[in-house]
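> Count the sequence shown with our numbering and you get residues 30 to 221, in order. Note that CB positions come from ideal geometry on N, CA and C, so glycine has one too. Here it is, the structure, as structure tokens.
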Amino acid sequence: ALVMTEGLPNTPLLAPNDLIMDSKGGIYFTDPGPRPVVPGRKAYVYYLPAGAKQPVILDDQIVRPNGLTLANDGKTLIVDNTVGDTVYAFEIQSNGTLKNMRPFAHLVEIPAGQESGADGMALDRNDRLYVTTIRGIQVFDKAGQYLDTITVPRQPANVAFSGPNKRTLYITAREGLYRLRMLSQGPDRPGK
Numbered sequence: 030a031l032v033m034t035e036g037l038p039n040t041p042l043l044a045p046n047d048l049i050m051d052s053k054g055g056i057y058f059t060d061p062g063p064r065p066v067v068p069g070r071k072a073y074v075y076y077l078p079a080g081a082k083q084p085v086i087l088d089d090q091i092v093r094p095n096g097l098t099l100a101n102d103g104k105t106l107i108v109d110n111t112v113g114d115t116v117y118a119f120e121i122q123s124n125g126t127l128k129n130m131r132p133f134a135h136l137v138e139i140p141a142g143q144e145s146g147a148d149g150m151a152l153d154r155n156d157r158l159y160v161t162t163i164r165g166i167q168v169f170d171k172a173g174q175y176l177d178t179i180t181v182p183r184q185p186a187n188v189a190f191s192g193p194n195k196r197t198l199y200i201t202a203r204e205g206l207y208r209l210r211m212l213s214q215g216p217d218r219p220g221k
């Protein structure tokens with residue numbers, strides 16, 4: 030169920046994690062909470078409208094929301110679940126709130142009973158989604174169909190396109206930083 034409140038929940042922010050700014054200057058962010066996951070404790074996806082002092086809770090259904098990104102058209106928010114194998118999509122309303130949560134993609138090769146480690150995400154100009162996981166950076170097309178996995182020597186944590194013509198994929202990992210020249214190109218976003 031969608032949780033809509035003004036201000037913060039009864040508990041303070043515990044471990045805010047990833048964020049992304051929309052074209053209106055509002056900020057979407059996740060608060061997955063500390064490790065280990067506390068059974069029964071809610072984790073939240075928030076929105077802080079431009080100029081507001083308090084964020085609004087948008088979702089409490091994802092067990093451990095972590096990475097998030099906006100589709101290139103700004104109409105869809107995509108959020109992954111570190112403990113699960115599902116990446117979710119939400120429709121963004123004109124006021125920044127969300128509706129119609131749905132599975133967008135399913136991570137592959139995640140052993141039964143093991144966390145996916147889904148974390149940072151990036152999109153390229155063709156709306157292909159790159160998700161860091163315990164298996165590497167899993168790549169999905171704009172319909173959420175699995176394409177391939179980019180492997181690196183250590184478990185990746187975050188990923189972003191940058192560099193000349195945004196054709197370099199930068200990957201942070203446990204004890205490592207990698208860059209990979211790409212044929213695909215990162216999106217043009219305001220302020221980036």
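I'd like to know whether the C-beta atoms of ARG183 and GLY149 end up nearer to each other than 9 Å.
Position 154 of the sequence shown, counting from 1, holds the residue named residue 183. Position 120 of the sequence shown, counting from 1, holds the residue named residue 149. Cβ distance not < 9 Å, so ARG183 and GLY149 don't count as in contact.
> Grab the span of the beta strand (DSSP E) containing GLY96 for me, first residue to last.
Counted from its first residue, the sequence shown places residue 96 at position 67. Segment 94-99, the beta strand (DSSP E) holding GLY96.
> Can you tell which of GLY54, SER191 and ALA134 has the C-alpha that lies nearest to the C-alpha of LYS171?
Counted from its first residue, the sequence shown places residue 171 at position 142. Looking at the Cα atoms, ALA134 is the closest of the given residues.
> Check each candidate in ARG164, GLY173 and ARG70 and name the one with the smallest Cα separation from ASN155.
The residue you call residue 155 lines up with position 126 of the sequence shown. When each option's Cα is compared against that of ASN155, the closest is GLY173.
> Mind reading off the beta-carbon distance from ILE107 to ALA100? Whole number of angstroms is fine, and I expect it under 8 Å.
Residue 107 sits at position 78 when you count from the first residue of the sequence shown. Residue 100 sits at position 71 when you count from the first residue of the sequence shown. Rounded, the Cβ-Cβ distance is 7 Å, consistent with contact.
> Can you give me the start and stop residues for the beta strand (DSSP E) that ASP156 sits inside?
Here residue 156 refers to the residue found at position 127 of the sequence shown. Segment: none, ASP156 is in no beta strand (DSSP E) and carries neither H nor E.
> Please list the segments of the beta strand (DSSP E) lying wholly inside the stretch 183-212, counting only runs of 3 or more residues, in order along the chain.
Entirely contained in the stretch 183-212, the beta strand (DSSP E) runs reaching 3 residues are, in chain order, 185-191, 197-202 and 205-210.
> Taking three-plus beta-carbon pairs below 8 Å as touching, is the stretch 177-191 in contact with the stretch 200-217?
Yes, they touch.
> Give the range of the beta strand (DSSP E) segment to which THR105 is assigned.
Here residue 105 is taken as the residue at index 76 of the sequence shown, counted from 1. THR105 -> beta strand (DSSP E) spans 105-110.
> From which residue to which residue does the beta strand (DSSP E) around THR115 run?
Stepping through the sequence shown from its first residue, residue 115 is reached at position 86. Start and end: 115-121.
> Looking only at C-alpha atoms, which of ASP102, ASN95, VAL112 and VAL74 sits nearest to PRO68?
The residue labelled residue 68 in the question sits at position 39 within the sequence shown. Nearest C-alpha to PRO68: VAL112.
> Give me the Cα-Cα distance between GLY146 and ILE163, rounded to the nearest whole angstrom.
Sequence index remark: in the sequence shown, residue 146 carries index 117 (1-based). Sequence index remark: in the sequence shown, residue 163 carries index 134 (1-based). Cα to Cα, the separation comes out at about 5 Å.
> Where does GLN174 sit, in a helix, a strand or coil, going by DSSP?
Against the sequence shown, residue 174 aligns to sequence position 145. Three-state result, GLN174: coil.
> State the start and end residues of the unbroken beta strand (DSSP E) segment that holds ASP60.
One-based indexing of the sequence shown puts residue 60 at position 31. Unbroken beta strand (DSSP E) run through ASP60: 56-60.
> With a Cβ-Cβ cutoff of 9 Å, do ILE166 and ILE139 count as a contact?
For the purposes of this step, residue 166 is identified with residue 137 of the sequence shown, where counting begins at 1. For the purposes of this step, residue 139 is identified with residue 110 of the sequence shown, where counting begins at 1. In this structure, ILE139 does not lie closer than 9 Å to ILE166 by Cβ.
> Relative to the alpha-carbon of SER263, which residue among THR178, ARG157 and ILE179 has its alpha-carbon at the smallest distance?
It is not possible to answer for residue 263, since the shown part of the chain is limited to 30 through 221.
> Is DSSP giving LYS53 helix, strand or coil here?
Here the question's residue 53 lines up with position 24 in the sequence shown. In this structure, LYS53 counts as coil in the three-state DSSP scheme.
> VAL181 lies in the beta strand (DSSP E); which residues open and close that run?
Position 152 of the sequence shown holds residue 181. Element bounds for VAL181: n/a, residue is neither H nor E.
> Among residues of its own chain, excluding the 5 on either side of LYS195, which ones have a beta-carbon nearer than 6 Å to its beta-carbon?
Residue numbering aside, residue 195 sits at position 166 when the sequence shown is read from its first letter. Once the five neighbours on either side are set aside, the close Cβ partners of LYS195 are GLN214 and GLY215.
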